[in-house]
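Take a look at the structure below.
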Amino acid sequence: ADLSYKGTNPSAYRLPCYEIHNANSPTAYQDLAHFIDVLNNTSSADFECELEHVFNVNSYLKCMVMDVLTGNWDGPNYNMNNFYLYFNNATGQFEYIPFDLDNTFGIDWLGKDWTTQNIYNWSKSGAKRPLYTKILARPTYAKRFTYLLDKTLNEYFNKAAYTTKFTQILGLISNAASADTIKKLDYGFTQTDFINSYTFYSKDHVKYGLQDYITRRSNSANTQLKTLASVGSLPSWHSVSTDYTTDSISVTLNTKGDSKVDYVLLTYNWGSQSAIWTDTLRHIGATDDYTAKIAWNPSVLAVAYSFTIVTEDNTQISYPVCDMFSSTKSRTDIKLYLNELMADNATIYYDENGMYEDWIELFYDGETTLNLGEFYITDDITNPQKYRLPSVTISPKSFPIVWADNVGEGMHASFKLGKAGETCAIFDKNGALIDQMTFGLQTKDVSYGRQNDGETPWVTFLKPTPGASNNANAWIEEAGMQLGLYPNPTSGIVYLNRVPAESTFKVMSMNGTSLREGTVNFELDLRDLQNGMYLIQVNTGQAVFTEKLILLK
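The sequence shown lines up with residues 91 to 643 when you count with the working numbering.
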C-alpha cells in the first residue's frame, strides 16, 4: 500500500492493496483511485492546487512530524503499512490517520538507529513513496513541515516537557505492570526491565529507554532542522458542519505561524450561482480560530468556499491555493418516518427470539426502494449516530420494526426506550435530521403512533399495529372489507376470500422487506418460507390493506 499509481480502473486498488471499511460506499474505490491519480500524475504547476482539493495536507504534515520524532518506521512512508485514509464527506478531502504505533521510541527490527535518521529523509531509499516524497518536495509544504517540527521540539518533545509526565504515568501503571505475568513470555522481560525502560535501557529490539530516546532524538533533530527566516501565517486546519436544526453552516479556520493575522475572509457562493459572497470571520483569540455561521440558501444543496488570511503587513494567503472547497447539504425530504412505538411492551408483540422488547415502527413513503444502512436511529438528540441501521433494502409503503432492546445488532438497536418519556430521531450518515418525535409517560401494552401513517397528530393505540399501517383498520372498516386470510395461523397454503380480482399482493417480513409479490389469485403458497410472522399487503387500486399472518409448519 505505497499509494503508487496502478491505472484508472478502481478495481486495481482492491485487496490485497487496500481494504474498504465502509461496504455501503459505492464510490469508495473510485474516490481512492482519483486521489492516487492526483498525487502521482498532476503536473508540478498544478500540484498544490489539485492536491488540496482531495487531501488534507496540513493534517498529514502534523502526523509526519510525530512519525519523525517518535521514530515510527512502520507506517506507509518507510514500510508501506499501518494507515487509514478517511474520506471526509464534509470537506471532500481524504484524511490521513496513522495506527499501530508500537514500533516507535527506539524499537527497531531493521538494524537502524532511529534517533539519528535524517528528519527530511524518512522514506525508504529507492522505494516509491509518493505521498511523502512529493509533498515534502514542495517548498510551501516543506516550510510548514519545518515550522511544525521546530514548534513541537520546543513545546512538547523535549526533556522539560516529558520528565514530570513520564513519572506520573510510571507511578500510575507500575503496580498493574508488576502483576502482569504475560510480559515475560516472549522475550523474558522482567519488572526491572519495565522500570528501566522509562530511562536508560537496551535489550533485543528495544534499543533505548524512553527518556534516553527522546533526548537523543530531539538533539539530533535540532541539529538537522533547517533555519527559517519567517514562515508567515499558515492555515492549520479547517472544519465545516451543517446544523440541520437551524438550517445553517458553520465554517472555522485555525491559523498558525509567526506573522500576526489582521483578519480572515470567507468567500463563498451557492451551488452554480454566479454571485460571490464575502464575510469576515469572527476571531476566537485563545485558540486562533476564525469562525462564522451562515444561513443556508434554501434553494440549493451545495456551497463552495475559500479562505483568505490577511496579515498585519497586508500579506494575503489563500486557502486552498486555488479555486474553492465544497460542501454538500444532505436532503432532508426523504420520506422515512418514526411511525409508531411501544416503550412498555409486556404481551403485545415479540421478536424472533420470543422476547417482548420495546419497539419502534418506521414508515417509508418514498417512490423507490431505500437502503436503511444510510441512516441512524437514536434516543439521544445530542448523539445522532447512536445506532446505525443495518444495510437492509425496504420497499415503498413498508413498516420495518426496530427493536429497542440494547442488543446493538441488525434491527436491534443499542438502546432501550424510557417509558417515562424521551425523544427519538432518525439522522442520515452526514448528520441530517430526517425525523424526530418526543413522547411522554407510556402505558403498558399501549402504543403511541401517528394517527395516519407519516402524518400528525400522534395518538395512543389500544390495539397497536406493529409492522402494519396505523390507519389500515380505518380503511378496512370504511370499506366494509377485510382480507379474509385463512387459515391464520397457516401451515403453508393461505386463501384470500374477500379480495377483488386484479388486486396485487406483497408478502413481507416484519421489517418491511418484500419477499414475494404478484397478482392475487385467491391462493398463496408460502410453504418455502420459514416459520414466523409475516405481513400480507394487498393493493386493490383504491386502497392498501395489510394484515399479519403466522406461518407454523
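Where is the CB? At the ideal position from N, CA and C, for every residue including glycine.
Cβ pair residue i, residue j closer than 8 Å
{"i": "Ile640", "j": "Pro556", "result": "no"}
{"i": "Tyr380", "j": "Thr332", "result": "no"}
{"i": "Arg307", "j": "Leu151", "result": "no"}
{"i": "Phe453", "j": "Asn429", "result": "yes"}
{"i": "Val411", "j": "Tyr358", "result": "no"}
{"i": "Gly288", "j": "Phe195", "result": "For clarity, residue 288 is Tyr in the given sequence; the question names Gly instead. No, Cβ-Cβ distance for Tyr288 and Phe195 is not below 8 Å."}
{"i": "Gly521", "j": "Tyr252", "result": "no"}
{"i": "Arg421", "j": "Leu460", "result": "no"}
{"i": "Gln627", "j": "Lys596", "result": "yes"}
{"i": "Ala376", "j": "Leu356", "result": "no"}
{"i": "Glu512", "j": "Asp469", "result": "yes"}
{"i": "Leu642", "j": "Ser581", "result": "yes"}
{"i": "Tyr95", "j": "Asn148", "result": "no"}
{"i": "Asn167", "j": "Tyr222", "result": "yes"}
{"i": "Ile424", "j": "Ile384", "result": "no"}
{"i": "Ser504", "j": "Lys487", "result": "no"}
{"i": "Leu507", "j": "Ile484", "result": "no"}
{"i": "Tyr409", "j": "Pro325", "result": "yes"}
{"i": "Thr181", "j": "Ser417", "result": "yes"}
{"i": "Ile516", "j": "Leu426", "result": "yes"}
{"i": "Phe256", "j": "Leu300", "result": "yes"}
{"i": "Trp493", "j": "Asp525", "result": "no"}
{"i": "Ile197", "j": "Val354", "result": "no"}
{"i": "Asn323", "j": "Ile399", "result": "In the sequence on display, residue 323 carries Ser and not Asn. Going by C-beta atoms, Ser323 is nearer than 8 Å to Ile399."}
{"i": "Phe235", "j": "Gln183", "result": "no"}
{"i": "Leu129", "j": "Pro220", "result": "yes"}
{"i": "Leu523", "j": "Ala510", "result": "no"}
{"i": "Ala91", "j": "Cys107", "result": "yes"}
{"i": "Asp157", "j": "Trp212", "result": "yes"}
Three-way DSSP call (helix, strand, coil) for residue i in this model
{"i": "Val147", "result": "helix"}
{"i": "Lys96", "result": "coil"}
{"i": "Asp448", "result": "strand"}
{"i": "Ser213", "result": "coil"}
{"i": "Val128", "result": "helix"}
{"i": "Gly261", "result": "helix"}
{"i": "Tyr538", "result": "strand"}
{"i": "Asp302", "result": "helix"}
{"i": "Met156", "result": "helix"}
{"i": "Tyr119", "result": "helix"}
{"i": "Met571", "result": "Model confidence at Met571 stands at a pLDDT of 43, short of 50, so the residue's coordinates are unreliable; what they give is reported in the following sentence. Coil, per DSSP."}
{"i": "Thr336", "result": "coil"}
{"i": "Asn112", "result": "coil"}
{"i": "Ser101", "result": "helix"}
{"i": "Tyr291", "result": "coil"}
{"i": "Glu442", "result": "coil"}
{"i": "Lys487", "result": "coil"}
{"i": "Phe137", "result": "helix"}
{"i": "Trp638", "result": "Note on residue identity: the sequence assigns Lys, not Trp, to residue 638. It is a strand residue."}
{"i": "Phe284", "result": "helix"}
With 16 other Cβ atoms within 10 Å as the buried cut-off, status of residue i
{"i": "Pro80", "result": "Since the first and last residues shown for the chain are 91 and 643, residue 80 lies out of range."}
{"i": "Gly261", "result": "exposed"}
{"i": "Tyr103", "result": "buried"}
{"i": "Trp78", "result": "This structure cannot settle anything about residue 78, because the visible part of the chain is limited to 91 through 643."}
{"i": "Met42", "result": "What the structure shows of the chain is the stretch from 91 to 643, and residue 42 is not part of that stretch, so it cannot be assessed."}
{"i": "Gly97", "result": "exposed"}
{"i": "Glu637", "result": "buried"}
{"i": "Val584", "result": "buried"}
{"i": "Asn99", "result": "exposed"}
{"i": "Arg372", "result": "exposed"}
{"i": "Gly570", "result": "At Gly570, the pLDDT of 35 sits below 50, so the modelled position is not reliable; the number obtained from the coordinates is stated separately. Exposed, since its Cβ has fewer than 16 Cβ neighbours within 10 Å."}
{"i": "Met154", "result": "buried"}
{"i": "Val549", "result": "exposed"}
{"i": "Ser73", "result": "Because the chain is modelled from 91 through 643, residue 73 falls outside the range shown and cannot be assessed."}
{"i": "His111", "result": "exposed"}
{"i": "Gly216", "result": "exposed"}
{"i": "Ser593", "result": "buried"}
{"i": "Ile126", "result": "buried"}
Residues sharing a beta bridge with residue i, DSSP
{"i": "Ile407", "result": "Ile399"}
{"i": "Tyr576", "result": "Tyr585"}
{"i": "Gln183", "result": "Asn178"}
{"i": "Thr381", "result": "Thr342, Arg372"}
{"i": "Thr468", "result": "Ala515"}
{"i": "Met598", "result": "Ser604, Leu625"}
{"i": "Ser559", "result": "None, per the DSSP bridge assignment."}
{"i": "Gln526", "result": "Ala515"}
**Study point:** Sufficient close CB pairs (3 or more, under 8 Å) joining the stretch 535 to 543 to the stretch 342 to 357
**Key:** Contact annotation: the stretch 535 to 543 does not touch the stretch 342 to 357, with fewer than three C-beta pairs closer than 8 Å.
Practice item. Tell me, please, whether the stretch 601 to 613 touches the stretch 480 to 491 by the rule of three or more beta-carbon pairs shorter than 8 Å. Key: Yes, the stretch 601 to 613 touches the stretch 480 to 491.
Review point. Can you find at least 3 beta carbon pairs, one from the stretch 187 to 202 and one from the stretch 162 to 177, that sit closer than 8 Å?
Key: In the pairwise beta carbon analysis, the stretch 187 to 202 is classified as touching the stretch 162 to 177: at least three pairs are separated by under 8 Å.
Check your understanding: Does the stretch 425 to 439 come within contact of the stretch 540 to 556, defined as at least 3 CB pairs closer than 8 Å?
Key -> Yes, since at least three Cβ pairs between the stretch 425 to 439 and the stretch 540 to 556 fall closer than 8 Å, the two stretches touch.
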